[in-house]
Amino acid sequence: MRGADSYRVERHGAYKGGVPPLAPGGGIAFPPAQAPAVFQRAWRQATRGLSESDIAAYGVSMFLGMHNLPELGQAMQPRLPVRALESYRQVARDYLALLARYRTQLSAVEYTREKMFFIRLLRALAQAARGARAIRGAGRLRAGFVI
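Structure follows, in structure tokens:
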């Protein structure tokens, strides 16, 4: 868990001026503090056991998938809502589509490694979302009892 957390920043408010929060030293932060807790749990699960450099590489891929790359002199803007769980699913699906499109330009090892990470992330997201729904559902059920 240390690797994923080392690429996060302290909790910040919403983006100010279109610039995403930066990690200490001016680096990018992923997952963002505004990401849903379900995504943050899924990210930790998907990156468990990876080297810090692999976590950083996947974090940069996800970060760039969430943002428009600005032209010189313009501020970076999120292209997807950072607080929406579906945004993270979309980026992972987009990355898998990109891998399929350029499969012939990647080594079999590289293709398989990248594909397996994003599939693992999507599965972790699905599992975390199911768990969150079950917890919310249990809370509603208990609230309905009168003792």
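Take 189 as the starting number for the sequence shown in my numbering and just add one per residue.
Yeah, the Cβ is synthetic: ideal placement off N, Cα and C, and Gly gets one too.
Only counting the same chain, and skipping five residues up and downstream in sequence, which positions put a Cβ closer than 6 Å to that of L310? A280.
Give every residue of the same chain whose Cβ lies closer than 6 Å to the Cβ of Q222, excluding the five residues on either side of it in the sequence, and list them in chain order. V270, R271
Could you pull out every residue in the same chain whose Cβ sits closer than 8 Å to the Cβ of A316, ignoring the five residues on either side in sequence? Only V226, F227, R229, A230, Q233 meet the Cβ criterion.
Between the beta-carbon of I307 and the beta-carbon of F251, is there less than 7 Å? no
Going by alpha carbons, who is nearest to E240 out of M254, D282, G253, F218? F218
Please report how far the alpha carbon of A288 lies from the alpha carbon of L257, in whole angstroms. 23 Å
Please classify Q265: does DSSP put it in a helix, a strand, or coil? strand
Distance between beta carbons of G253 and D282, contact taken as under 8 Å: 6 Å
How long is the line joining the alpha carbons of A245 and M264, rounded to whole angstroms? 19 Å
Can you name the start and end residues of the alpha helix (DSSP H) that V279 belongs to? Counting along the chain, V279 sits inside the alpha helix (DSSP H) bounded by residues 273-289.
Going by C-alpha to C-alpha distance, which of G319, R318, A312 sits closest to T148? Any answer about residue 148 is impossible in this case: the structure gives the chain only from 189 up to 335.
Sort R318, Q293, V297, H255 by Cα distance to Q278 and report the nearest one. H255
State the Cα-Cα distance for the pair R267 and Y276, rounded to the nearest angstrom. 12 Å
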